[in-house]
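This report refers to the structure that appears directly beneath it.
There are 2 protein chains.
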Amino acid sequence: MPARTRTDTAAAPIKERLSRERIVDAALAIMDAEGLDAVSMRRVAREVGVEAMSLYHHVRDKEDLLDGVCARVMRDFRFPPEDRPWIDVARDGAREWRRVLREHPNVIALWADRQRPMTDLEALMPMEFALRVISRSGMDAREGVQVFNVIGGFIMGVVMMEVGAMFSAGTTSTMKAPDLTAVHAKMPDDSVAQLLPLDRLPCIVEALPHLAECDPDEQFEFGLDLLLAGIEARAAGRG
Amino acid sequence: MPARTRTDTAAAPIKERLSRERIVDAALAIMDAEGLDAVSMRRVAREVGVEAMSLYHHVRDKEDLLDGVCARVMRDFRFPPEDRPWIDVARDGAREWRRVLREHPNVIALWADRQRPMTDLEALMPMEFALRVISRSGMDAREGVQVFNVIGGFIMGVVMMEVGAMFSAGTTSTMKAPDLTAVHAKMPDDSVAQLLPLDRLPCIVEALPHLAECDPDEQFEFGLDLLLAGIEARAAGRG
DNA sequence: AGCATAGGTATACACCGTAAGCCTGTCAAC
DNA sequence: GTTGACAGGCTTACGGTGTATACCTATGCT
Numbered sequence: 001m002p003a004r005t006r007t008d009t010a011a012a013p014i015k016e017r018l019s020r021e022r023i024v025d026a027a028l029a030i031m032d033a034e035g036l037d038a039v040s041m042r043r044v045a046r047e048v049g050v051e052a053m054s055l056y057h058h059v060r061d062k063e064d065l066l067d068g069v070c071a072r073v074m075r076d077f078r079f080p081p082e083d084r085p086w087i088d089v090a091r092d093g094a095r096e097w098r099r100v101l102r103e104h105p106n107v108i109a110l111w112a113d114r115q116r117p118m119t120d121l122e123a124l125m126p127m128e129f130a131l132r133v134i135s136r137s138g139m140d141a142r143e144g145v146q147v148f149n150v151i152g153g154f155i156m157g158v159v160m161m162e163v164g165a166m167f168s169a170g171t172t173s174t175m176k177a178p179d180l181t182a183v184h185a186k187m188p189d190d191s192v193a194q195l196l197p198l199d200r201l202p203c204i205v206e207a208l209p210h211l212a213e214c215d216p217d218e219q220f221e222f223g224l225d226l227l228l229a230g231i232e233a234r235a236a237g238r239g
Numbered sequence: 001m002p003a004r005t006r007t008d009t010a011a012a013p014i015k016e017r018l019s020r021e022r023i024v025d026a027a028l029a030i031m032d033a034e035g036l037d038a039v040s041m042r043r044v045a046r047e048v049g050v051e052a053m054s055l056y057h058h059v060r061d062k063e064d065l066l067d068g069v070c071a072r073v074m075r076d077f078r079f080p081p082e083d084r085p086w087i088d089v090a091r092d093g094a095r096e097w098r099r100v101l102r103e104h105p106n107v108i109a110l111w112a113d114r115q116r117p118m119t120d121l122e123a124l125m126p127m128e129f130a131l132r133v134i135s136r137s138g139m140d141a142r143e144g145v146q147v148f149n150v151i152g153g154f155i156m157g158v159v160m161m162e163v164g165a166m167f168s169a170g171t172t173s174t175m176k177a178p179d180l181t182a183v184h185a186k187m188p189d190d191s192v193a194q195l196l197p198l199d200r201l202p203c204i205v206e207a208l209p210h211l212a213e214c215d216p217d218e219q220f221e222f223g224l225d226l227l228l229a230g231i232e233a234r235a236a237g238r239g
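Protein sequence lines correspond, in order, to chains A and B. The first sequence: position 144 = 144 (the numbering used here), numbered continuously. The second sequence: position 82 = 82 (the numbering used here), numbered continuously.
In structure tokens:
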């Protein structure tokens with residue numbers, strides 16, 4: 001008889017013990033699959049086969065659960081090898097960060113409306129990595145922070161535009177003129193008065209096909225090149 | 001007797017007629033003052049002196065109301081004069097966009113989790129403006145869209161970092177080592193096991209003061225300069 | 001005068017986060 | 001063994017949310 005570890009007195013396919021990790025994983029899965037709104041305590045509980053209140057033995061409250069989700073996402077960051085020129089490491093780090101964000105696009109919305117800093121060690125490691133790489137360029141800590149914020153903001157914003165399509169990419173791209181006007185007929189009474197006059201938006205109309213088709217990878221590399229080239233030039237001036 | 005326009009038969013300080021505009025304005029005011037979560041139908045209704053269900057005579061649903069808030073924010077955009085070199089117009093346009101976003105910082109979170117394109121004419125005018133300015137650089141529509149996305153993403157992301165402080169700026173800056181460890185003591189049981197070991201985060205520790213103090217304006221201009229310089233160089237190659 | 005309708009209200013339902021309390025299985029100390 | 005603490009499930013309940021449905025009334029047109 002093996003040394004009994006926990007609950008095997010009933011010797012059945014007992015459902016695995018609940019844990020913070022299982023809960024966070026379930027929440028992340030729901031968020032990735034169905035969006036942020038779908039993540040409710042009851043929904044997560046159902047997913048792990050338990051009642052909602054049981055979760056509170058493992059997370060302080062929903063905030064804490066979402067903190068866990070953020071940290072969990074950061075843990076997906078795969079650190080590029082650092083035994084290379086700093087600029088190459090920086091470029092790969094930026095790409096990796098973008099990869100992680102695109103894999104869990106809703107985490108951006110999560111950050112955006114919770115607006116609170118990370119406090120988990122593992123979640124802070126990618127930031128530590130970034131600051132370390134930047135410091136190798138010869139910049140001092142103050143400049144390094146600026147560069148970190150500029151590049152970090154760039155990545156976040158570009159990914160947000162990629163996945164969010166807030167500026168009429170995506171869905172709008174499939175609109176012909178009549179569809180565009182139809183979309184605006186929200187309230188029945190102004191559907192006549194407020195047609196979207198496409199002749200007042202000539203540049204958007206001209207850009208429409210490209211808004212949909214443009215290659216996000218190419219776009220990202222384009223912007224990243226501009227930033228890194230400028231930063232390297234400035235750093236070279238120092239060193 | 002002046003021609004009666006509407007309801008003045010009772011000749012009292014009658015509460016002004018409800019309208020979509022009044023509702024949207026109230027919602028925006030609440031969002032700016034108390035955050036996105038505070039914007040509920042009942043709360044907005046109370047603010048305009050009405051019951052919640054009355055709002056539905058003027059907005060289709062909450063989604064529609066939030067669409068209105070987004071459009072309302074875009075209408076704050078003050079178009080810079082365009083009779084100048086395109087790069088100057090672009091720079092001022094970027095600054096103005098940042099100003100609007102900082103004035104209503106929660107709109108970023110709104111975009112981030114609704115992830116749907118704008119369909120309101122007035123809300124699209126700033127985008128039309130941006131594409132028009134960029135086109136003056138001589139780039140074709142395809143490149144113009146890339147530049148728009150890169151600069152737009154940059155602005156959005158940087159402002160998001162400024163207001164969000166998701167990477168331990170702001171609050172973390174005031175933490176000394178003991179405080180940082182205290183923060184992580186979420187669950188009572190792991191407070192001993194998981195102290196945040198600051199010696200594993202040397203670059204963050206070194207950066208801490210600068211994370212708080214760094215001038216966001218300077219930082220923004222720094223990144224914007226890099227992008228615009230690179231873009232101008234590329235555009236000059238074309239033209 | 002009569003009547004349609006715009007625009008307010010009241011009620012109700014399903015879902016949300018979570019406080020409070022209960023119940024049971026496990027384990028350490030005696 | 002027996003006992004007591006307690007970790008970790010469950011149940012119930014409360015006040016919030018968005019909104020469907022129905023109702024009411026004052027306005028304005030015919």
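Note that the Cβ used here is the ideal one computed from N, Cα and C, for glycine as well.
Is any beta-carbon of chain B found at less than 9 angstroms from that of residue i?
i, result
"residue 41 of chain A", "no"
"residue 69 of chain A", "no"
"residue 170 of chain A", "Bear in mind that a pLDDT of 40 at residue 170 of chain A, under 50, signals an unreliable position, so the number given afterwards is only what the model happens to contain. Answer yes: the Cβ-Cβ gap between residue 170 of chain A and chain B drops below 9 angstroms somewhere."
"residue 223 of chain A", "yes"
"residue 162 of chain A", "yes"
"residue 53 of chain A", "no"
"residue 177 of chain A", "With a pLDDT of 38 at residue 177 of chain A, under the threshold of 50, the modelled position of this residue cannot be trusted; read the value that follows with caution. No, because no Cβ of chain B sits closer than 9 angstroms to the Cβ of residue 177 of chain A."
"residue 66 of chain A", "no"
Quick check: is the beta carbon of residue i nearer than 9 angstroms to any beta carbon in chain A?
i, result
"residue 152 of chain B", "yes"
"residue 128 of chain B", "yes"
"residue 44 of chain B", "no"
"residue 241 of chain B", "Only positions 1 to 239 of chain B appear in this structure, which leaves residue 241 of chain B out of reach."
"residue 191 of chain B", "Here the model assigns residue 191 of chain B a pLDDT of 33, short of 50, so the residue's position is not dependable, and the following value carries that caveat. Not one chain A Cβ lies under 9 angstroms of residue 191 of chain B."
"residue 237 of chain B", "no"
"residue 251 of chain B", "Since the first residue shown for chain B is 1 and the last is 239, residue 251 of chain B is missing from the structure and cannot be characterised."
"residue 196 of chain B", "yes"
"residue 258 of chain B", "Summary: the structure shown does not reach residue 258 of chain B, with chain B confined to residues 1 through 239, and so no result is reported for it."
"residue 199 of chain B", "no"
Report yes if the C-beta distance between residue i and residue j is below 9 angstroms; otherwise report no.
i, j, result
"residue 154 of chain A", "residue 127 of chain A", "no"
"residue 89 of chain B", "residue 133 of chain B", "yes"
"residue 246 of chain B", "residue 29 of chain B", "The structure shown has nothing for residue 246 of chain B, since chain B only spans 1 to 239."
"residue 95 of chain B", "residue 163 of chain B", "no"
"residue 229 of chain B", "residue 121 of chain A", "no"
"residue 93 of chain B", "residue 158 of chain B", "no"
"residue 108 of chain A", "residue 112 of chain B", "yes"
"residue 100 of chain B", "residue 79 of chain B", "no"
"residue 123 of chain A", "residue 203 of chain A", "no"
"residue 116 of chain B", "residue 212 of chain A", "no"
"residue 232 of chain A", "residue 23 of chain A", "no"
"residue 125 of chain B", "residue 74 of chain B", "yes"
"residue 18 of chain A", "residue 39 of chain A", "no"
"residue 41 of chain B", "residue 66 of chain B", "no"
"residue 72 of chain A", "residue 25 of chain A", "yes"
"residue 160 of chain B", "residue 106 of chain B", "no"
"residue 138 of chain A", "residue 238 of chain A", "yes"
"residue 206 of chain A", "residue 141 of chain B", "yes"
Show which residues of chain A have a CB atom less than 8 angstroms away from the CB atom of residue i.
i, result
"residue 142 of chain B", "210, 214"
Give the residues of chain B in contact with residue i, contact being defined as C-beta atoms less than 7 angstroms apart.
i, result
"residue 135 of chain A", "203"
"residue 165 of chain A", "115, 117"
"residue 138 of chain A", "Near residue 138 of chain A there are no residues of chain B at all, since even the closest Cβ is about 14 angstroms away, more than 7 angstroms."
Name, please, each residue of chain A whose Cβ falls closer than 7 angstroms to the Cβ of residue i.
i, result
"residue 230 of chain B", "226, 229, 230"
"residue 145 of chain B", "207, 210, 211, 214"
Identify the contact partners of residue i in chain B, using a Cβ-Cβ distance below 8 angstroms as the criterion.
i, result
"residue 273 of chain A", "Chain A is shown only over 1 to 239; residue 273 of chain A falls outside these bounds and no answer can be derived."
Could you tell me which chain B residues have their CB closer than 9 angstroms to the CB of residue i, listed as they occur along the chain?
i, result
"residue 98 of chain A", "By Cβ distance, chain B contributes nothing, its closest Cβ being about 11 angstroms from residue 98 of chain A, past 9 angstroms."
"residue 132 of chain A", "202, 203"
Subject >> Under 9 angstroms (Cβ pairs) to chain A, residues found in the region 101-116 of chain B >> reply: 105, 106, 108, 109, 110, 111, 112, 113, 114, 115, 116
Original post:
Taking Cβ-Cβ distances below 8 angstroms as the criterion, which residues of the region 78-95 of chain B are in contact with chain A?
Top reply: none
Subject >> Proximal residues, the region 15-35 of chain B versus chain A, C-beta separation under 7 angstroms >> reply: none
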